[in-house]
Every structure is written in structure tokens, then in C-alpha cells.
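Chains as they are written, first to last, in my numbering: chain A, 229 to 697; chain B, 229 to 697.
See structure below.
Protein chains: 2
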Amino acid sequence: MTPDDFRLHGHTLIDWIADYLEGVEQYPVASQVQPGDIRASLPEHPPTAAEPFANVLADLDRVVMPGITHWQHPSFMAYFPGNSSYPAILGELAAAGLGVQGMSWVTSPACTEVETLMMDWMQELLGLPERFRSTSATGGGVIHGSASEATLASILAARWRVTGGDINHTGDTTRLVAYSTSQAHSGIEKGLRIAGIGTEHLRIVPHDASFAMLPAELERLVEADVAAGLTPFWVCCTRGTTSTMAFDPVAAVGAIAQRHGLWLHVDAAMSGIGALAPEFRWINDGLEFADSYCTNPHKWMGVNFDCDLFYTADRTALLGALSILPEYLRSAAAESGKAIDYRDWQIPLGRRFRALKLWFTIRAGGADDAIAMIRRHVALTQQLADWVATDDRFQIVAPHPLNLLCVRLKAGDSATDALIERANATGRALFTRTVIDGAVACRVSIGARTTDERHVRAAWELLKELAAG
Amino acid sequence: MTPDDFRLHGHTLIDWIADYLEGVEQYPVASQVQPGDIRASLPEHPPTAAEPFANVLADLDRVVMPGITHWQHPSFMAYFPGNSSYPAILGELAAAGLGVQGMSWVTSPACTEVETLMMDWMQELLGLPERFRSTSATGGGVIHGSASEATLASILAARWRVTGGDINHTGDTTRLVAYSTSQAHSGIEKGLRIAGIGTEHLRIVPHDASFAMLPAELERLVEADVAAGLTPFWVCCTRGTTSTMAFDPVAAVGAIAQRHGLWLHVDAAMSGIGALAPEFRWINDGLEFADSYCTNPHKWMGVNFDCDLFYTADRTALLGALSILPEYLRSAAAESGKAIDYRDWQIPLGRRFRALKLWFTIRAGGADDAIAMIRRHVALTQQLADWVATDDRFQIVAPHPLNLLCVRLKAGDSATDALIERANATGRALFTRTVIDGAVACRVSIGARTTDERHVRAAWELLKELAAG
């Protein structure tokens with residue numbers, strides 16, 4: 229492809245994206261294809277010669293679109309939001325165009341320094357503790373691809389600290405014990421497994437009726453483990469769980485963690501961005517106790533995936549766990565101590581210039597665009613809750629302080645299951661099924677960039693209509 | 229930003245990228261800034277209101293460009309290639325515009341099915357074993373972000389297999405032992421550490437004069453470990469090491485791995501893509517013994533980072549190690565066995581539609597563009613070797629069958645160090661220092677998309693000129 233071809237096709241693709249996002253409501257929210265359909269519409273074997281690029285773009289419509297479940301659709305109320313925005317898309321494009329590697333400061337200084345500054349800007353915008361700032365004595369932040377990676381990095385830093393670094397040499401994880409509730413994200417158990425902490429050493433701490441961790445139960449478990457000669461090392465508090473958006477009591481857990489020398493990780497992947505709005509800053513309560521923290525602009529701030537903010541108050545432990553320095557990665561800048569090499573803050577070596585999309589988004593909209601969107605989503609969720617409360621067939625099964633509402637039919641699990649299945653099959657909205665303490669529920673997650681009252685109203689009408697059927 | 233603003237700024241940015249890539253030679257290859265310079269040119273605190281987007285784009289030139297080390301510069305001969313191409317940039321843009329999550333088949337079927345097909349297309353194009361194909365009885369492939377993640381996934385699958393899955397429950401890694409040469413990538417040691425295999429249980433297998441693993445030495449180490457009651461479980465062969473591009477003997481190692489029940493991972497992150505050209509298909513020698521394999525289109529095929537192809541012949545072990553199924557991720561498609569959920573093939577949960585950039589690249593250029601580029605790079609490397617051989621001050625320190633040449637000054641380490649430092653400081657080319665069996669060497673890695681004879685000639689003239697000084 230020549231540069232002129234790129235200009236031509238690039239302009240076409242930019243317009244295609246604008247058309248797509250402006251017209252996304254015309255599509256069914258969920259793809260209607262069956263397994264194998266998309267592959268069957270493409271050649272089984274690779275082309276032997278170049279094709280006109282117009283054919284490729286045409287196949288976006290012909291082949292790809294039928295296989296898309298539209299996360300940017302305003303009636304997408306499934307899983308969690310993954311909202312993008314126009315400035316963020318341009319940030320991703322700029323990063324792809326520059327094509328640089330940010331594994332070390334020296335491999336492209338701007339890639340590192342813009343990222344560090346964005347982490348500090350977000351620390352301010354979110355009102356996070358000063359000790360997470362890169363300019364603090366012991367902390368700092370980095371952009372990870374996902375909260376799963378942040379969780380794993382946190383476990384590895386904790387593992388390093390509790391063993392005084394011995395873990396790097398001995399690999400002995402057999403006495404380490406971790407703690408979370410049953411409501412914590414699946415990435416917690418997965419991260420622990422990866423790090424050599426088997427599920428036998430993940431203690432499920434009981435939760436209260438609002439699905440929040442019971443600190444007294446945590447302390448009881450920790451003490452029993454200590455008495456058994458084990459080494460409690462890591463506890464995860466979630467601020468906004470995946471299933472019901474429950475909030476663990478961080479300060480109370482933090483006091484226990486301090487007393488017993490546990491690393492406290494706070495996972496606010498979904499909800500943390502809500503703290504942009506002053507009235508939701510309670511999301512941060514207790515963070516002054518956290519050793520590490522993560523939240524995802526790629527969920528609720530219009531910065532397209534992947535963009536997870538990972539902060540730690542103990543960068544020595546993180547670097548101890550993740551630094552490896554072969555000769556071909558040495559640099560004078562790094563050895564001067566004045567430059568950050570982010571490869572030592574993450575699992576992979578390579579890294580894209582992800583900070584550009586965050587920078588573009590913040591500058592193009594200030595924090596104001598995100599705050600307005602967050603407020604709208606929360607208000608719509610409360611509106612929906614009011615509507616649900618007027619219908620005797622439904623019940624709300626968990627607190628809903630932000631943008632997730634979990635409902636079920638009083639008629640029971642199979643009725644609720646059938647309702648979700650039939651509603652999703654219409655393509656008019658998309659919800660996610662979950663099971664909360666044994667009972668089936670329908671999660672209504674309100675977080676797409678363009679979701680407005682009419683979409684929430686239509687979703688509610690759909691649920692009411694199908695519940696009657 | 230309105231859709232119309234996006235069209236306007238998007239067109240501008242597309243043109244900016246074309247201008248940048250067409251004019252990249254005007255820049256010094258390496259950024260000339262000092263630590264802190266880039267940050268100091270930006271506001272320390274976030275903006276309180278939205279800014280005109282034209283300002284943001286202007287800051288790409290004013291702030292970002294001085295901090296860029298130009299991986300797309302034809303005189304970039306440092307580290308490894310990270311070449312991009314116009315179709316791949318458009319693929320990344322399309323993925324950002326669609327903004328979908330590919331964690332499960334059901335979350336956007338096209339994201340999964342195009343990826344599976346691309347992995348199979350690449351299996352054909354590279355001439356890889358059939359048992360890596362998704363249509364095989366036991367294998368399959370997935371796009372990872374980087375070879376480090378592929379390495380880690382391979383270690384986890386091996387760990388699962390050798391413990392019969394017990395690892396997920398007990399987390400006991402204390403008897404497991406892994407093997408590689410000193411020339412293996414730093415991601416090997418890092419991946420093992422993450423998985424709870426300390427460096428005390430990573431055996432460094434001696435290598436021969438060409439830096440390739442000595443199979444007899446491997447067998448000796450494995451037998452000693454077995455005799456000591458340990459459990460050898462994973463061996464990594466590299467096809468194209470980072471320091472010198474050495475090639476471990478996979479078939480000989482594979483026979484030993486089979487005999488002793490080790491998982492054989494083959495890391496061809498840099499060189500594997502060379503197998504697109506039939507005359508370099510020897511890179512694949514012995515792969516029929518491999519349990520897993522990875523290579524990076526983001527290094528040598530014009531598909532911008534991140535795009536690592538990870539194949540396994542034993543998907544049961546991989547899924548055993550990495551599957552976690554909470555209620556909110558269940559789906560009928562997955563339970564039917566007809567759909568792949570790639571979240572279970574990787575470390576993170578979330579995933580972008582990375583297959584688009586591979587699809588766009590293959591269709592826009594066939595494999596022919598990549599093959600022509602690979603052949604040119606290899607020929608230029610051999611040409612450079614011929615030139616170096618005529619200069620008595622230099623010596624070539626390792627075999628150079630492909631696109632990496634390692635040279636040093638006979639005058640010794642400090643002379644070679646000084647040469648690299650002075651050459652890099654000119655901004656006219658960029659090389660990487662390494663240490664090979666104790667001796668300093670200059671790596672000349674020839675792999676940028678537009679590198680041609682005049683760039684290699686100029687790099688050689690630069691080295692000759694500064695060696696004289």
C-alpha cells in the first residue's frame with residue numbers, strides 16, 4: 229500500500245467509523261450468528277496474491293458486522309461498559325502510526341513520560357492518595373492492559389515482599405495464603421493460580437447481605453492460618469464487584485491487613501472511575517490503606533480498551549518481583565535512576581503508546597465529559613430502579629448505588645433465566661445473567677457512551693413485556 | 229467531539245501519519261532528550277476544561293516527536309525490528325472504532341472467528357505442523373500481546389500437565405525444574421519466576437560456539453535432577469536468540485523432552501516469521517516435537533505491535549491451566565463445545581480485535597510483501613557482513629544466517645563500547661550493545677520496512693569512520 233493509498237483508504241475508514249458509531253442503533257445489540265458462521269464466510273486458505281484494499285473494507289460490512297456484538301450500542305447493558313470515544317480512537321490511531329515500543333524509557337522517552345504524567349493527572353482527577361503519585365517517595369503508577377494483569381502484578385509484588393525477595397530464587401509459594409470474598413472477580417483466582425497460589429490457599433471470606441466482605445471474618449481466617457503455620461500475604465477488596473457492584477469496607481480490612489502484614493489490593497476496575505465526580509468520591513474510602521489499586525478508563529471513561537490504571541504505594545516490591553535486566557536492555561538513563569523503565573512494572577516486555585488515548589481523551593473533553601456521562605448513567609440506573617419497584621413481579625436483589633441494577637422475577641430461577649434469554653434474543657437490548665448467592669439474576673449495566681433515558685425505558689418495557697408472556 | 233469533528237481530525241491525523249512515515253528519515257533515529265524533558269514540556273496538572281483538538285494534534289509535533297525514538301526509521305538497527313505497515317495501522321484503527329471485547333466467542337463472534345482463521349492461515353503460510361491448527365484434534369492457536377505472555381502461558385500449561393492439574397489446587401511448584409541456555413530471552417526467567425519457579429530451578433544448559441544448546445548437556449542436567457528427586461517439566465528452545473540470533477537444535481532437544489516428559493516450548497519471536505520464505509523454512513526444523521511455539525508478526529511482518537502468534541499442540545493443558553468460569557461468563561455457545569473462548573487461552577480476561585490488523589496485512593499484500601522484505605533484509609545483512617570482513621579492525625562474533633549481525637572491534641570492549649555510544653549519539657543510525665560470553669558486541673539488526681542498501685551502507689560508513697577516531 230502506498231502512502232497515497234493509505235490516505236485514501238484511511239479517510240474512508242475514518243468516515244466508516246463515524247457512520248458506524250452514529251448509526252449503531254440500527255443493529256441488533258447481540259450478533260445473531262451461530263458458531264462457525266463467520267469463518268464459513270471467509271476463504272479457508274490464505275490469499276496467494278494481494279487484493280484491492282476496497283475489498284477488505286467491504287468485508288468489514290459483509291463479514292465482520294454480522295459477527296459483532298455491539299459494545300458501543302446504547303442498549304448494550306451486558307457484562308460491563310467498554311465505552312470508547314472519538315478522541316480515544318484517534319489516540320489509538322496515533323499510537324499505531326508512530327509504531328514505537330515503550331518497554332524502556334530509552335526506547336522512546338515520550339511513551340514513558342506522557343504515561344507517567346497521565347497516571348499523575350488521573351491520581352489528581354480521581355482524588356487518589358498522594359502516595360500513588362510518581363513523585364511520591366515510594367509509589368507510582370503504570371498503564372496495564374487489563375485489571376487481570378494489575379491483579380497479577382499486585383500478587384507478585386506481595387509475594388516478593390512477604391518472602392523478602394526469596395521467592396525469586398526459591399519459588400516456594402507453599403505457605404502463602406490469600407483472601408477475598410466469593411464476589412471478587414475471576415481474575416483473582418486466576419492470578420493466584422498463575423502465581424503458584426492454589427485454590428486451597430485462597431480463603432473465601434464471608435460477606436454480608438450487601439455482598440461486602442465481613443472484616444471480622446477475615447481476621448478470624450487470618451488468625452487461624454497463622455496458627456496453622458501458614459503465611460497470610462494478600463487480600464483483595466473490591467470496590468464495585470462484577471456480579472452486583474458491591475463495595476468491600478477497605479478501611480476496616482486495611483487495619484487488619486496492616487496488623488498482620490498482608491498486602492492490600494483494591495480492585496475498582498469497573499467503578500473506580502466514578503470518583504471523577506465529587507459526589508461519588510466515597511468509592512475511594514479507605515484507599516490510604518491500599519498497597520495497590522486499579523481502575524479502568526476503558527470501562528467508564530471513554531478510553532477504548534486496553535487502558536487499566538495500576539497504582540502501587542510500594543514500587544520497590546513491584547520492581548523486585550518483575551525486574552530482569554539482560555545486557556541488551558541496559559541504558560545509561562535507567563542506571564542514572566532518573567528514568568522509569570515500565571517493562572519492570574508489568575508482565576510482558578513490550579508495550580504500546582497507550583497513554584496517547586488517555587491524553588487525547590482528557591484534553592478533548594476535560595474530565596467534564598466523563599463526569600457528565602457518569603452522572604447520567606447513575607441517574608438512569610436509579611430511574612430504572614424506581615420503575616422496577618412499581619412492578620410486583622420483579623425484585624431488586626442488591627444495593628445499586630451506581631450504574632448496575634440486578635433484578636429477578638419473583639417467579640424464580642427458571643422464569644428469570646427464560647426472561648433473560650428471550651430479551652437478549654430480540655436484539656433490542658442485551659443483559660447478562662448472573663447467580664447471586666444461589667439465585668439467578670439479570671444484570672442491567674448502564675454505561676454505553678450514548679445511552680439515554682429512551683434506551684433504558686425501552687429496555688424496561690422489553691423486560692416487562694416478556695415477563696408477562 | 230462530534231462525529232463531524234472526528235471526521236475532520238481523523239482525516240488530518242491519517243495525513244499526519246502518512247507524512248510522518250514518508251518523512252521519517254529527517255529525524256535523528258534516537259530521541260535526543262534527557263529524562264524529564266518531555267514531562268517538563270507539558271502541564272503538571274490536568275486541564276480543567278476541554279481544549280480545541282487542533283492543539284492536541286499540534287502537541288504531537290511540539291511535545292511527542294522530540295521524545296520519539298523512531299522504530300520505523302530505515303536506519304533503526306537497534307533491539308529488534310518493530311515494523312508496521314499501512315494496512316496494519318488501518319486494522320488497528322478499525323479495531324478501535326468497533327470497540328468490541330473478544331474475551332468470549334459470544335461477546336463478539338467475529339473477533340474470535342477471524343482470529344482463529346488468521347492463526348490457521350499463518351500455520352499454512354509459515355509451514356508449521358498441522359497439529360498447531362485449530363482444526364486439529366488437540367491443538368490450536370491464539371494471538372497474544374507479546375512473546376513474554378506466550379512463554380508464560382506455555383510454562384503454565386506445562387506446569388498443569390506435569391502435575392495432572394494438581395497445581396491449580398495445591399500451588400506446589402517446589403520440585404519443578406526448567407531448562408534453557410543463557411541466550412534465551414529474559415522473558416523466560418521472568419515467566420518462570422511469575423509461575424513460582426525460582427531461578428534456583430532454572431538450569432542454564434551450556435551452548436556450543438554458535439550459541440546453540442548442547443543436547444547432551446541438557447540430558448545430563450535432566451538426569452541429575454531426576455536423580456535428585458526433582459521434576460524436570462519445561463525446556464525452551466530458541467530459534468533466533470535475542471543477543472546473536474542463535475538457533476537451538478529443536479529435534480535433538482525434542483527427543484530428550486519426549487523421553488523425560490518435558491514440555492518443549494519453541495520461542496521464535498524474532499525469526500519465526502522468516503519461514504514465510506521457502507528458503508528460510510529451516511527455521512521450523514524440529515517443530516514437530518514442540519508442545520508450544522510462538523512468533524511475532526509485530527517484529528518482521530509489518531503488523532504493528534501487539535501481535536504474537538502462540539500455538540500449542542496440547543490445548544487441554546493450556547485450558548486446564550487458564551480456564552476459570554464464573555456465572556457471568558457462561559454461555560450456551562461455549563457449553564456446546566463449538567465456540568472458542570479465547571480468555572481461557574491467555575493471561576488477561578479482556579482482548580482487542582487484534583486479528584484485524586493481521587487480516588488486513590495479509591490481504592493487502594498477500595504474503596508476498598513480507599517475503600520480499602524478509603529477503604531484502606537478509607541479503608542486506610550478508611552484504612554488510614561482506615563489508616565488515618574486509619576491515620581488519622572489526623570481527624564478526626556470531627553466525628548470521630538471517631538479519632542480525634554482531635560485530636566488535638578487535639581493540640576490545642572499551643573501544644567497542646565507545647564506538648556504539650558515539651555512533652548512536654550521531655542520530656544517523658541506532659545499534660544495541662550486548663555482551664556475548666563476556667565480550668562487548670554491537671548488534672546490527674536490519675529489519676525496518678523501508679531499510680535499503682543505502683541505509684546499511686551509511687551505517688557501515690558511520691561505524692568505520694568512528695572506529696578510526
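Backbone N, C-alpha and C define an ideal beta-carbon position, used for all residues, glycine too.
Just so it is clear, the structure is predicted and the values come from calculations on it, not from any experiment.
**Length of the line joining the Cα atoms of A:L553 and B:A423** = By one-based count along the first sequence, residue 553 of chain A stands at place 325. By one-based count along the second sequence, residue 423 of chain B stands at place 195. For A:L553 and B:A423, the distance between alpha carbons rounds to 19 Å.
**Asked** Quick one: is B:P576 buried, meaning 16 or more other Cβ sit within 10 Å of its Cβ, or exposed?
**Response** For this step, residue 576 of chain B is matched to residue 348 along the second sequence. By the neighbour-count rule (16 or more Cβ atoms within 10 Å), B:P576 is buried.
**Within 8 Å, strictly: CB atoms of B:W491 and B:R403** = Counting from one through the second sequence, the residue named residue 491 of chain B turns up at place 263. Counting from one through the second sequence, the residue named residue 403 of chain B turns up at place 175. B:R403 sits away from B:W491, with the two beta carbons spaced by 8 Å or more.
**Request:** Could you check if B:N532 is buried or exposed, using at least 16 other CB atoms within 10 Å of its CB as the buried criterion?
**Result:** Counted from its first residue, the second sequence places residue 532 of chain B at position 304. So B:N532 counts as buried.
**Beta-carbon proximity list for A:F588, same chain, < 7 Å, skipping 5 on both sides** = Here residue 588 of chain A corresponds to residue number 360 of the first sequence, with the count starting at 1. Around A:F588: P315, A316, L318 and G319.
**Request:** Can you check DSSP and say which residues form a bridge with B:P460?
**Result:** Translated into positions along the second sequence, residue 460 of chain B becomes position 232. For B:P460, which the question treats as bridged, DSSP gives the partners B:V405.
**Prompt:** So, is the C-beta of A:P576 closer than 8 Å to a C-beta in chain B?
**Reply:** Taking the first sequence and counting its residues from 1, the one referred to as residue 576 of chain A is at position 348. For A:P576, a Cβ of chain B is located within less than 8 Å of the residue's own Cβ.
**Message:** For chain B, check one thing: does any of its Cβ atoms lie closer than 8 Å to the Cβ of A:Y521?
**Reply:** Numbered from its first residue, the first sequence carries residue 521 of chain A at position 293. Output row for A:Y521: interface = no.
**Asked** Relative to chain A, which residues along the region 311-331 of chain B have a C-beta separation below 9 Å, given in chain order?
**Response** Hits within the stretch, in order: N311, S312, S313, Y314, P315, A316, I317, L318, G319, E320, L321, A322, A323, A324, G325, L326, G327, V328, Q329 and M331.
**Request:** Could you give the DSSP three-state label for B:D645: helix, strand or coil?
**Result:** By one-based count along the second sequence, residue 645 of chain B stands at place 417. Helix at B:D645.
**Prompt:** For A:T679 and chain B, any beta-carbon pair shorter than 8 Å?
**Reply:** The residue labelled residue 679 of chain A in the question sits at position 451 within the first sequence. Contact of A:T679 with chain B is not assigned, every C-beta pair being separated by 8 Å or more.
**Request:** Could I get the ranges of all uninterrupted alpha helix (DSSP H) runs contained in the region 624-675 of chain A, with 4 residues as the minimum, in chain order?
**Result:** Those alpha helix (DSSP H) runs which fall completely within the region 624-675 of chain A and span 4+ residues are 641-653.
**Message:** By alpha-carbon positions, which one of A:P525, A:N524, A:A503 and A:E507 ends up nearest to A:L515?
**Reply:** Here residue 515 of chain A corresponds to residue number 287 of the first sequence, with the count starting at 1. Taking the Cα of A:L515 as reference, the smallest distance to any Cα among A:P525, A:N524, A:A503 and A:E507 is reached at A:A503.
**Request:** Measure how close the beta-carbons of A:L384 and A:A549 come, nearest whole angstrom, since I'm counting them as under 8 Å.
**Result:** By 1-based counting over the first sequence, the position of residue 384 of chain A is 156. By 1-based counting over the first sequence, the position of residue 549 of chain A is 321. About 4 Å separates the two Cβ atoms, so the contact holds.
**Request:** Note down, in chain order, each residue of its chain lying with its Cβ closer than 6 Å to the Cβ of A:L584, except the 5 sequence neighbours on either side.
**Result:** Taking the first residue of the first sequence as position 1, residue 584 of chain A is located at position 356. Hits under 6 Å: G319, A322 and A323.
**Message:** I'd like to know whether the C-beta atoms of A:I599 and A:T344 end up nearer to each other than 8 Å.
**Reply:** For the purposes of this step, residue 599 of chain A is taken as the residue at position 371 of the first sequence. For the purposes of this step, residue 344 of chain A is taken as the residue at position 116 of the first sequence. Not closer than 8 Å, so no.
**Request:** Can you check DSSP and say which residues form a bridge with A:W491?
**Result:** Sequence index remark: in the first sequence, residue 491 of chain A carries index 263 (1-based). A:W491 pairs with A:W462.
**Message:** Please classify A:S471 as buried or exposed, where buried requires at least 16 other C-beta atoms within 10 Å of its C-beta.
**Reply:** Stepping through the first sequence from its first residue, residue 471 of chain A is reached at position 243. Buried, because 16 or more other Cβ atoms sit within 10 Å of the Cβ of A:S471.
**Where A:W491 meets chain B, residues with beta-carbon distance less than 7 Å** = Here residue 491 of chain A refers to the residue found at position 263 of the first sequence. Ordered by position in chain B, no residue passes the 7 Å Cβ test against A:W491, which lies about 16 Å from the chain.
**Residues from the region 531-565 of chain B in contact with chain A, defined by Cβ distance under 8 Å** = For the region 531-565 of chain B, the set of residues with a beta-carbon nearer than 8 Å to any beta-carbon of chain A comprises N532, F533, D534, A549, L550, I552, L553, P554, E555, Y556, L557, R558, A561 and S564, in chain order.
**Request:** May I have the straight-line CA-CA distance separating A:Y570 from B:Q300, to the nearest angstrom?
**Result:** The sequence position of residue 570 of chain A within the first sequence is 342, counting from 1. The sequence position of residue 300 of chain B within the second sequence is 72, counting from 1. Taking the straight line from one Cα to the other gives about 21 Å.
**Request:** Give the residues of chain B in contact with A:N396, contact being defined as C-beta atoms less than 7 Å apart.
**Result:** In the first sequence, residue 396 of chain A corresponds to position 168, counting from 1. Here the neighbours are R421, G426 and T427.
**Item:** Reference A:V616; option with closest CA among A:T398, A:E693 and A:P231
**Value:** For this step, residue 616 of chain A is matched to residue 388 along the first sequence. Among A:T398, A:E693 and A:P231, the Cα nearest to that of A:V616 is on A:E693.
**Message:** Measuring CB atoms only, is the region 247-254 of chain B touching the region 648-656 of chain B, in the sense that at least three cross pairs come out at less than 8 Å?
**Reply:** By the C-beta criterion, the region 247-254 of chain B is judged not to be in contact with the region 648-656 of chain B, since fewer than 3 inter-stretch pairs fall below 8 Å.
**Item:** CB of B:V257 within 8 Å of CB of B:T230, strictly
**Value:** The residue given as residue 257 of chain B occupies position 29 in the second sequence. The residue given as residue 230 of chain B occupies position 2 in the second sequence. Not in contact: B:V257 and B:T230 (Cβ atoms no closer than 8 Å).
**Message:** Using beta carbons (cut-off 8 Å, strictly below), is B:M229 in contact with chain A?
**Reply:** Residue mapping note: residue 229 of chain B aligns to position 1 of the second sequence, counting from 1. Yes, because at least one Cβ of chain A sits closer than 8 Å to the Cβ of B:M229.
**Request:** Measuring only between beta-carbons, confirm whether B:F659 sits less than 8 Å from chain A.
**Result:** The sequence position of residue 659 of chain B within the second sequence is 431, counting from 1. Cβ-Cβ to chain A under 8 Å: no for B:F659.
**Item:** Within chain B, the residues that A:E352 reaches when beta carbons sit closer than 7 Å
**Value:** For the purposes of this step, residue 352 of chain A is identified with residue 124 of the first sequence, where counting begins at 1. Residues of chain B passing the Cβ test: H273 and P274.
**Message:** With H, G and I counted as helix, E and B as strand and the rest as coil, what does DSSP make of A:I425?
**Reply:** As a first step, residue 425 of chain A must be located in the first sequence, where it is residue number 197. Per DSSP, reduced to three states, the secondary structure at A:I425 is coil, with no helix or strand assignment.
**Asked** Taking 8 Å as the CB-CB cut-off, is A:I432 touching chain B?
**Response** Against the first sequence, residue 432 of chain A aligns to sequence position 204. Under the 8 Å criterion on CB atoms, A:I432 is classed as non-interfacial with respect to chain B.
**Request:** Any chance you could list the beta strand (DSSP E) runs of at least 3 consecutive residues sitting entirely within the region 312-387 of chain B, in chain order?
**Result:** 368-372, all fully within the region 312-387 of chain B.
**Message:** Measuring alpha carbon to alpha carbon, tell me which residue in A:T459, A:L270, A:H237 and A:S312 is nearest A:A282.
**Reply:** Within the first sequence, residue 282 of chain A is the residue found at index 54, counting from 1. Of all alpha-carbon atoms in A:T459, A:L270, A:H237 and A:S312, the one lying nearest the alpha-carbon of A:A282 is that of A:H237.
**Request:** Going by DSSP, name the residue or residues bridged to B:T523.
**Result:** Locating residue 523 of chain B in the second sequence gives position 295, where the first residue counts as 1. Assignment of beta-bridge partners to B:T523 by DSSP yields B:L537.
**Opening and closing residue of the beta strand (DSSP E) in which A:I432 lies** = In the first sequence, the residue the question calls residue 432 of chain A occupies position 204. Element bounds for A:I432: L430 to I432.
**Request:** May I ask you to list, following chain order, the residues of the region 336-364 of chain A that have a beta carbon less than 7 Å from some beta carbon of chain B?
**Result:** Flagged, chain order: S336, P337, A338, E341, V342, T344, L345, W349, E352 and L353.
**Prompt:** Looking at chain A, which residues of the region 253-282 of chain B have a Cβ within less than 7 Å of any of its Cβ atoms?
**Reply:** Taking 7 Å as the Cβ-Cβ cut-off, the region 253-282 of chain B approaches chain A at S259, V261, P263, G264, I266, R267, L270, H273, P274, P275, T276, A277, A278, E279 and F281, given in chain order.
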